[in-house]
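Number of protein chains: 2
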Amino acid sequence: MSDLTGPDELLTEVLARYDDAPNERLKIVMQAAIRHLHEFVREVDLTRDEWMAGIQFLTATGQICSDTRQEYILMSDTLGVSTLVEMLNYSPTEGTTENTVLGPFYAAGSPERANGESMLDDEDPGDEVVVRGRITDPDGNPLAGVVLDCWQSNTDGWYQVQQVDGQSDFNLRGIYRTDDDGRYEIRTVRPGKYPIPHDGPVGSLLKANNRGWMRPGHLHTWVKHPGYKELITHIFDRKSDHLYDDAVFGVRESLIVDFTPDESGELAATFDFVLDPA
Amino acid sequence: MSDLTGPDELLTEVLARYDDAPNERLKIVMQAAIRHLHEFVREVDLTRDEWMAGIQFLTATGQICSDTRQEYILMSDTLGVSTLVEMLNYSPTEGTTENTVLGPFYAAGSPERANGESMLDDEDPGDEVVVRGRITDPDGNPLAGVVLDCWQSNTDGWYQVQQVDGQSDFNLRGIYRTDDDGRYEIRTVRPGKYPIPHDGPVGSLLKANNRGWMRPGHLHTWVKHPGYKELITHIFDRKSDHLYDDAVFGVRESLIVDFTPDESGELAATFDFVLDPA
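Keeping their order, the protein sequence lines are chains C and G. So for the first sequence, the working numbering puts the first residue at 1; every next one is plus one. So for the second sequence, the working numbering puts the first residue at 1; every next one is plus one.
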């Protein structure tokens with residue numbers, strides 16, 4: 001034992017307890033977490049009361065989690081950590097389409113829909129819109145048969161998985177595929193902005209810091225094609241509120257589209273994807 | 001919105017969301033926490049799977065908490081954070097007695113005991129011991145009427161508050177006071193080493209890193225006297241195992257005593273306190 005006469009000696013001793021950790025990667029992660037945790041506590045000179053408030057916040061955040069609610073992911077989202085992890089794990093090559101966060105509302109098993117078919121199975125008061133475009137490789141060659149697994153909120157801001165009793169089974173969910181020329185066409189409704197859950201500890205913390213809990217309207221898509229990196233991204237509506245204060249830091253300029261009347265008078269946006277070879 | 005083209009731009013944007021935070025102290029704490037959290041994630045280049053393992057660990061740690069179990073304090077203890085917070089919040093002046101962690105087993109309301117009286121109310125197979133000494137100011141002047149609120153585990157390593165049905169109401173708990181010469185004398189049993197709770201997420205993490213979960217035997221005392229800083233500390237038995245790998249980093253060299261036979265043949269240790277003026 002080094003005598004723990006001060007914070008430096010303490011940190012040295014805590015880190016040394018991992019010298020025999022059998023999993024080298026876990027050891028690296030633990031030691032880095034401990035160093036940053038100690039540095040944080042020392043930097044702000046944390047008081048006992050603040051420490052206890054932190055203990056209570058972390059406890060409450062865990063306790064509100066359930067099969068249908070993940071408050072720690074929400075915390076990660078609102079602190080920008082989820083976006084950071086995405087950035088570190090998916091680096092689009094210059095010129096290929098940017099990714100963004102998956103979010104908590106994806107569900108596998110959406111139905112195949114034909115190009116041009118609407119994902120909207122229910123009544124909805126919003127504007128019908130079209131999202132269309134082309135998917136190519138970085139050289140501009142069309143990619144045929146690319147899968148776009150799509151989901152979005154309705155005009156009121158709710159996803160089907162949040163309202164299993166209030167929406168049809170696959171409302172605003174669908175799997176599209178590009179044609180031989182790499183083209184896809186999705187009919188849908190203008191996606192609604194929505195609040196992230198804010199009635200729990202994370203919401204209280206956002207409120208205490210004058211932070212918002214809204215996300216701008218967007219269409220999610222998970223793009224898959226053999227030989228290319230899987231791309232998880234959103235397409236944002238430039239007309240939506242909260243593009244500039246998305247609570248979870250998901251917006252990228254390159255992912256914002258304008259819905260404008262096309263030749264047939266439909267509100268349409270073009271979004272071309274460039275996939276990144278794996 | 002700055003376009004979130006990379007981790008640096010992301011961090012700048014996340015921090016900027018706190019520019020209007022109304023509570024200046026909370027803003028400082030949040031911004032420091034966010035910086036260190038992002039630095040940690042970048043430093044270890046956290047993978048998506050590791051991020052999810054972290055989310056699940058934090059969630060499980062919250063979910064196991066109950067009225068009688070605080071797994072987040074346990075996590076703080078085992079990462080050295082509790083000790084660090086104590087160090088930052090109580091800086092003993094050179095020459096005064098060192099503090100250490102409070103621990104989770106303190107309970108108010110212990111009975112007053114006369115000097116020399118035993119705290120041991122129940123049968124116990126261990127060695128009876130005496131802890132005695134003098135409490136002075138930094139100049140060596142005796143302090144009379146100083147309160148020592150004491151508690152410890154029995155030979156099997158259990159505190160009374162952990163075994164409310166298995167031990168007498170105040171077994172191994174007592175409030176002593178110094179006499180006019182500043183002297184105190186506690187009769188008790190040699191305190192047992194014990195495991196911290198290790199059947200939950202924190203225990204699993206300790207095991208995964210080949211870390212122990214034992215604490216060496218010790219007598220807790222909370223020393224109070226008007227005009228002096230409240231001192232929360234332990235007195236450790238040099239004969240106990242785990243002095244050198246205390247799971248919660250509570251041991252200080254200056255707090256270790258030797259129990260040796262005194263003139264009357266009793267196993268006794270002397271521990272003099274020097275209180276720090278407030």
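Positions of the beta carbon are idealized from the N, C-alpha and C atoms, including for glycine.
#1: Could you pull out every unbroken alpha helix (DSSP H) segment of at least 4 residues lying fully inside the segment 184–243 of chain G, listed in chain order?
#2: Name the chain C residues whose beta carbon is nearer than 8 Å to that of G/D45?
#3: Between G/Q31 and chain C, is the shortest Cβ-Cβ distance under 7 Å, so that the two count as touching?
#4: Quick one: Cα of G/T97 to Cα of G/D49, how far?
#5: Counting only C-beta atoms, is G/W222 closer than 7 Å to chain C at any point?
#6: My assumption, with CB atoms under 8 Å, is that G/G227 sits in contact with G/P277. Please give the rounded CB distance.
#7: Comparing alpha-carbon positions, which option in C/I73, C/W51, C/T178 lies nearest C/T61?
#8: So does the segment 254–273 of chain C actually touch the segment 39–59 of chain C, counting three or more Cβ pairs closer than 8 Å?
#9: Pull up the distance between the alpha-carbon of C/D199 and that of C/Q152, whole angstroms please.
#10: Taking the straight line between their C-alpha atoms, what separation do you get for C/R178 and C/V147?
#11: What is the C-beta distance between G/Y90 and G/I135, in whole angstroms, given that I count them as a contact (C-beta under 8 Å)?
#12: Using a Cβ-Cβ cut-off of 7 Å (strictly less than) and excluding sequence neighbours within five positions of C/C300, which residues of its own chain qualify?
#13: Drop a sphere of 10 angstroms on the beta-carbon of G/S204, count the other beta-carbons inside from all chains shown, and report buried for 16 or more, exposed for fewer.
#14: What are the residues of the segment 197–220 of chain C that lie near chain G, defined by any Cβ-Cβ distance shorter than 7 Å?
#15: Helix, strand or coil: how does DSSP classify C/A269 here?
#16: Using the Cβ count rule (16 or more neighbours within 10 Å means buried), how would you classify G/A16?
#17: Using 10 angstroms around the beta-carbon of C/A268, count the other beta-carbons present and answer buried if the total reaches 16, otherwise exposed.
#18: Can you find a C-beta in chain C that's less than 7 Å from the C-beta of G/Y72?
#19: Alpha carbons only, please: which of G/S76, G/Q162, G/E13, G/A33 is nearest the one belonging to C/D245?
#20: Take the Cβ of G/E86 as the centre, count every other Cβ of all protein chains shown within 10 Å, and call the residue buried at 16 or more, exposed below.
#21: Since I believe C/L143 is in contact with C/L275 (beta carbons under 8 Å), could you give me their beta-carbon distance rounded to a whole number of angstroms?
#22: Please name the residue or residues paired with C/V130 in a DSSP beta bridge.
#23: Does the CB of G/D258 have a neighbour CB from chain C at under 7 Å?
#24: Once you ignore the five residues that flank C/L102 on each side, which residues in its own chain have a CB closer than 6 Å to its CB?
#25: Could you run through the segment 223–245 of chain G and flag, in chain order, every residue whose CB is less than 9 Å away from some CB of chain C?
#26: So within the segment 127–180 of chain G, which uninterrupted beta strand (DSSP E) runs reach at least 3 residues, ignoring any that extend past its ends?
#27: Kindly indicate the opening and closing residues of the alpha helix (DSSP H) around C/Y12.
#28: How big is the Cα-Cα spacing for C/S82 and G/R25?
#29: Residues of the segment 90–112 of chain G with a CB closer than 8 Å to any CB of chain C: list them in chain order, please.
#30: Sorted by chain position, which residues of the same chain lie with C-beta nearer than 7 Å to C/S240's C-beta, five sequence neighbours on each side aside?
#31: Can you name the residues of chain G whose CB is closer than 8 Å to the CB of C/Q63?
#32: Bridge partners of G/T100, per DSSP?
#33: Any idea if G/G80 is buried or exposed, counting beta-carbon neighbours within 10 angstroms, 16 or more meaning buried?
#34: Hey, G/G250 and G/T100: beta-carbon distance below 7 Å or not?
#35: Return the chain-ordered list of same chain residues with a C-beta closer than 6 Å to the C-beta of C/A21, the five sequence neighbours on each side being excluded.
Answer, in terms of the structure:
#1: Runs of the alpha helix (DSSP H) inside the segment 184–243 of chain G: 201–208.
#2: Here the question's residue 45 of chain G lines up with position 45 in the second sequence. Using a Cβ-Cβ cut-off of 8 Å, G/D45 is close to L88 of chain C, given in chain order.
#3: As a first step, residue 31 of chain G must be located in the second sequence, where it is residue number 31. Under the Cβ criterion of 7 Å, G/Q31 is not counted among the residues facing chain C.
#4: Against the second sequence, residue 97 of chain G aligns to sequence position 97. Against the second sequence, residue 49 of chain G aligns to sequence position 49. As the crow flies, the alpha-carbon of G/T97 is around 47 Å from that of G/D49.
#5: Taking the first residue of the second sequence as position 1, residue 222 of chain G is located at position 222. Look at G/W222: its C-beta is not under 7 Å from any C-beta on chain C.
#6: The residue you call residue 227 of chain G lines up with position 227 of the second sequence. The residue you call residue 277 of chain G lines up with position 277 of the second sequence. The Cβ separation is near 6 Å, so the contact holds.
#7: On the first sequence, position 61 is the one that residue 61 of chain C refers to. Taking each of C/I73, C/W51, C/T178 in turn and checking the Cα distance to C/T61, the smallest one comes out for C/I73.
#8: These segments do not touch.
#9: For the purposes of this step, residue 199 of chain C is taken as residue 199 along the first sequence, with counting starting at 1. For the purposes of this step, residue 152 of chain C is taken as residue 152 along the first sequence, with counting starting at 1. Between C/D199 and C/Q152, the C-alpha separation is close to 22 Å.
#10: As a first step, residue 178 of chain C must be located in the first sequence, where it is residue number 178. As a first step, residue 147 of chain C must be located in the first sequence, where it is residue number 147. Arg is not the amino acid found at residue 178 of chain C; the sequence shown has Thr there. Answer to the nearest angstrom: the Cα atoms are 7 Å apart.
#11: As a working mapping, residue 90 of chain G is identified with position 90 in the second sequence. As a working mapping, residue 135 of chain G is identified with position 135 in the second sequence. The pair is not a contact, with the Cβ atoms about 17 Å apart (cut-off 8 Å).
#12: An answer regarding residue 300 of chain C cannot be provided, because it is not within the stretch 1 to 278 covered by chain C.
#13: Position 204 of the second sequence, counted from the first residue, corresponds to residue 204 of chain G. The residue in question, G/S204, is exposed, as its Cβ has fewer than 16 Cβ neighbours within 10 Å.
#14: Per Cβ criterion, the list reads A208, N209, N210, R211.
#15: As a first step, residue 269 of chain C must be located in the first sequence, where it is residue number 269. Per DSSP, reduced to three states, the secondary structure at C/A269 is strand.
#16: Position 16 of the second sequence, counted from the first residue, corresponds to residue 16 of chain G. Burial call: exposed.
#17: As a position in the first sequence, residue 268 of chain C is number 268, starting the count at 1. So C/A268 counts as buried.
#18: Locating residue 72 of chain G in the second sequence gives position 72, counting from the first residue. Output row for G/Y72: interface = yes.
#19: The residue labelled residue 245 of chain C in the question sits at position 245 within the first sequence. Out of G/S76, G/Q162, G/E13, G/A33, G/E13 has the C-alpha closest to the C-alpha of C/D245.
#20: In the second sequence, residue 86 of chain G corresponds to position 86, counting from 1. Buried is the call here.
#21: Counting from one through the first sequence, the residue named residue 275 of chain C turns up at place 275. Counting from one through the first sequence, the residue named residue 143 of chain C turns up at place 143. Contact between C/L275 and C/L143 is confirmed by a C-beta separation of about 6 Å, below the 8 Å threshold.
#22: Working through the first sequence from its first residue, we reach residue 130 of chain C at position 130. Beta-bridge pairing links C/V130 to C/R187, C/A268.
#23: By one-based count along the second sequence, residue 258 of chain G stands at place 258. Not a single C-beta of chain C is nearer than 7 Å to the C-beta of G/D258.
#24: Taking the first residue of the first sequence as position 1, residue 102 of chain C is located at position 102. Excluding its 5 nearest sequence neighbours in each direction, C/L102 has C-beta neighbours in its own chain below 6 Å: I232, listed in chain order.
#25: Flagged, chain order: L243, Y244, D245.
#26: Correct list: 128–136, 147–152, 173–177.
#27: By 1-based counting over the first sequence, the position of residue 12 of chain C is 12. Reading off the sequence shown, one finds Thr at residue 12 of chain C, where the question assumed Tyr. It spans 7–16 - the alpha helix (DSSP H) in which C/T12 sits, taken as one unbroken run.
#28: To locate residue 82 of chain C, count along the first sequence from 1; it is residue 82. To locate residue 25 of chain G, count along the second sequence from 1; it is residue 25. When the Cα atoms are used, C/S82 and G/R25 turn out to be separated by approximately 25 Å.
#29: Listed by position, the residues of the segment 90–112 of chain G near chain C (Cβ gap below 8 Å) amount to none.
#30: Here the question's residue 240 of chain C lines up with position 240 in the first sequence. Within the same chain, C/S240 has close Cβ partners K193, P216, G217.
#31: As a position in the first sequence, residue 63 of chain C is number 63, starting the count at 1. The contacting residues are G62, Q63, C65.
#32: For the purposes of this step, residue 100 of chain G is taken as the residue at position 100 of the second sequence. Answer is none; G/T100 lacks a bridge partner.
#33: Within the second sequence, numbered from 1, the residue matching residue 80 of chain G stands at position 80. Buried, by the Cβ-count rule.
#34: As a first step, residue 250 of chain G must be located in the second sequence, where it is residue number 250. As a first step, residue 100 of chain G must be located in the second sequence, where it is residue number 100. For G/G250 and G/T100, yes; Cβs fall inside 7 Å.
#35: Here residue 21 of chain C corresponds to residue number 21 of the first sequence, with the count starting at 1. Excluding residues up to 5 positions away in sequence, K27 lie with their Cβ nearer than 6 Å to the Cβ of C/A21 in the same chain.
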